[in-house]
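Note sheet for the following structure.
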Amino acid sequence: MGAVIYFVTKNYRQLEDFNDAITAYESENWELASKRLQAAIVADPNNEDVVAKLATVNEKLGYWTAAGFLWSRAAELNAFKPEYFEHALSAHLRAGNFELLREELATAQPLKTDRHRLLMALVHANAGELEDAKLMMSELSQADAQDTPLLKLVELMLEDTAAMTPEQVSGFEALANSEDAAIALIALYNLANDAIGRGEMSRAQDYLERRILLSPKQGTISLANFYYIQGKSKEAADLYRELVDELIPIESIRYAESLVAIKQIDELQELAKRYRIGARVDVLTGYYIDALLAYEANDAATVSAKLQAMGDEMPVTLIAQMLTFYDAVQRKDIKAISTLLSEFPYDAHERLAKFVPMIQALVMELITENNLTEAAHLSELLNIRDFQNVAFTLAQVGDAAQKQVLSRMDLDQALEAYPREPRLWSIATDYHLRNRNFSEAQAAAEKLLELIPGNVSAQLQRIAALESMPELAKATQAFEALYQENPSDRRVLIQYLAFCSRNQLSANLSALLTSLQAQADTALIGLAVLAEAELAQIANDREKIYTLLQPLAQGASWAANSENAAILYRAANMLATNDYEAPAIKTYRKLLALAPNSVPVLVNLAELYAALAEKESDQDAQQTALELAKQAYTAVPQSAIARECYALRLNETGSHDEAQKLLLHLMQQETGSPRVRLAWKDSMEHLIEALANKDEIYNRTNLCQSLLNEFPQNEIATQNLQSIQEELQRRAAATEAKREEETSK
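Residues 4 to 748 in the numbering used here are what the sequence shown spells out, letter by letter.
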């Protein structure tokens, strides 16, 4: 009985809701009718009459998209009323929803009426599918169809021209005054697009404003989108605001971006609240608006989280691209930035220009961190797009200099482009010192000091140039003055120590040691020890050097850090120079923990292990030397010292073919030490002898000739060429004898 009462009560309420809805509908109170009909549909979603009436109400209210969906639903509920289907087509057409129109027509295939064929032709023409549109037009059956505005509209849209001809403009103007509002709206839209294409924005605006008179909601959105595309954010926001309750997600995104542009953050926050729940597209819109809010608050973490939540479903807008770049830059995701730059359209230079400043800031940050490889990589990608400035040039030149692959031409071009950039002159000074152009190095250092007077780094570079010229007296005087001005600068102290030791300046070293020992600063203890060791080095007192420096290798308190790295490096070098391999290795190992891919440290370690391997016939040490050398070469393949070290280790371990290729490259570039030619000779001799054991002739001949080009008196190459010649003569004689034998038969 309870169940019966429940269903009777429920049916009574449904009937009551239905009657209320019909009453409101018949009174033409469309807003009230809409609310009551929606309630009636919730109660009875399969009531065809209610669905059809709500579709009509939406038409009256100008909600043509909703009307189209409702007419489609009514047609599903009652297929025996073809007018429902026709109403759905008309509503989609009036709303300008061509893809929905396509889907609706697809349910009626094959198309049976000329109107349906014309509508499908219109869909194809609007999508640029002109051949499909023409094919559909060829299937029209009634001659009198030519008099309809719809046919004229399709025919005009099928005229494939880059811009409208005067005749087309006239035709569309006529259709813009059609009594059929759907046709007039489409005509005005096409006229507006043509005006935009010609850059006649005022005329385009006039056409779009005329659309508002025909369809206030659709026309207002079109005009808002027009303002949005033009960057007239305030005008766009004002129009979007009028229809905020009716915006679809992409329109809300444009509204949000317009609000960001005019800094209406409070309004943007209110808009975000509308998209906390709903369908996936609504939630994604909310994420995007949250990302915009986070960007305005400089909250990089939230921007990143929201973009990650959106995945590959970011909107395709300039602001969305900016957020993507911003996120990648904030995370220093060089791979992501590289991908974004590589995929950026080459015809969108002005758009990319908006993102360049944030990438430039990252490049400068990477340069400061001495991460020149990644800074140069980003700079190269931007240079390809014709974006050039001092930051990008500095990154590329600095990276090339660090890898010792900088060319004189590139350096000169950079200095010519940015003659007042101190860092470029610093690179120039180092470049000329490395290439033994000492007078040019001094000139570059003097220019550097003009730009940054008194700068310690610049003075150290000038002193290096003077020492190399050599003008030792001037260099010594300059260093003494620099030390007096900067008595607590560790870099100055360490380099002054090395300078005095290099040039056997015992008196200067003794004075420096006395000064260091007199200071109470415990941070200078290591420098005092190093100074005493440098004096022992000048006196050739190996045992004292070991006594002083061995604790630096063994002591746990001497872990490598930025403060004492230079001291440890010099100590390791002195220990190695005096054949104390074990403590030298321990000291270099400490430094390797600080910088795992430091080429100088890796190369020095490899050389020490190679020396141990030779001294003690230690195969493990030999293998370790090879691994360290390979690590250095892999880290910076362009480094000449890394390539040489790796090639030497390859030759020592029997990989002669690979070794000779690397060694030959060094010889051709003239960047290797004297060991390179001897190692190359050794590797070539091994290769020749290996081929001789196989009685191979052709490759062995080539190797012998190559070796003799460098070493004309080489005994192995000469002997092998002689034996090859003898072998060829023997083979020729055997062949001739066999031929004569066959002839005699």
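Positions of the beta carbon are idealized from the N, C-alpha and C atoms, including for glycine.
Computed from a predicted structure; not experimentally measured.
Where residue 401 is concerned, the enclosing alpha helix (DSSP H) starts and stops at 393-405. Within the same chain, and ignoring the five residues on either side of residue 287 in sequence, the residues whose Cβ sits closer than 6 Å to its Cβ are 313, 316.
Its chain contains 284, 285, 288 as the residues whose beta carbon lies nearer than 7 Å to that of residue 252, once the 5 sequence neighbours on both sides are disregarded; these appear in chain order. Per DSSP, residue 113 lies in no alpha helix (DSSP H) and is assigned neither H nor E. Judged by beta-carbon spacing, residue 710 lies within the 9 Å limit of residue 719, meaning their Cβ atoms are closer than that value.
Burial state of residue 716 is exposed, judged by a 10 Å Cβ sphere holding fewer than 16 other Cβ atoms. Shown here for residue 225: same chain residues with a beta carbon closer than 6 Å to its own, the five before and five after excluded, namely 211, 214 in chain order. Within a 10 Å sphere around the beta-carbon of residue 68 sit 16 or more other beta-carbons, which makes this residue buried.
Straight-line measurement puts the Cα of residue 465 at about 23 Å from the Cα of residue 603. Of the candidates 144, 470, 91, 595, the residue whose Cα lies closest to the Cα of residue 106 is 91. Rounded to whole angstroms, residue 532 and residue 491 show a C-alpha spacing of 16 Å. Burial check for residue 610: the Cβ neighbour count within 10 Å reaches 16 or more, so the residue is buried. Residue 166 is a Cβ neighbour of residue 197, given a cutoff of 9 Å.
Contact between residue 519 and residue 564 fails: their C-beta atoms lie close to 20 Å from each other, not under 8 Å. The beta carbon of residue 207 sits closer than 6 Å to the beta carbons of 195, 198, 199 from its chain, once the five residues preceding and following it are set aside; these are given in chain order. By the criterion of a C-beta distance shorter than 7 Å, residue 329 is surrounded in its chain by 298, 306, 361, once the five residues flanking it on both sides are discounted. By alpha-carbon distance to residue 191, the top candidate from 222, 202, 170, 162 is 222. Taken in chain order, the complete alpha helix (DSSP H) segments of 4 residues or longer contained in the region 440-485 are 441-454, 459-471. Residue 104 sits buried, since 16 or more C-beta atoms from the chains shown fall within 10 Å of its C-beta.
As for any alpha helix (DSSP H) of minimum length 4 sitting wholly inside the region 300-368, the runs are 303-313, 321-333, 337-346, 352-356, ordered along the chain.
By the C-beta density criterion, residue 352 is exposed, having fewer than 16 other C-beta atoms within 10 angstroms. Pairwise C-beta distances place the region 673-687 out of contact with the region 443-459, as fewer than three of them are shorter than 8 Å.
Relative to the Cα of residue 128, the nearest Cα in the group 163, 581, 176 belongs to 163.
Per the coordinates, the alpha-carbon of residue 27 lies some 21 Å from the alpha-carbon of residue 71.
Note that the C-beta distance between residue 296 and residue 265 is not below 9 Å. Annotated three-state conformation of residue 390 is coil, per DSSP.
The Cβ atoms of residue 555 and residue 541 do not sit closer than 9 Å to each other. If you ignore the 5 residues before and after residue 65, its C-beta comes within less than 7 Å of the C-beta of 218, 219, 220, all in its own chain and listed in chain order. Residue 729: member of the alpha helix (DSSP H) spanning 718-747, first to last residue. For residue 282, the three-state secondary structure derived from DSSP is coil. When only Cα atoms are considered, residue 451 and residue 415 end up about 15 Å apart. In the structure shown, the three-state DSSP call for residue 714 is coil. A straight-line Cα-Cα distance of about 44 Å links residue 512 and residue 364. In the three-state DSSP reduction, residue 121 falls in the helix class (H, G or I). The straight-line gap separating the alpha-carbon atoms of residue 586 and residue 551 is approximately 12 Å. Non-local C-beta neighbours of residue 633 in its own chain, meaning closer than 7 Å and more than five positions away in sequence, comprise 649, ordered along the chain.
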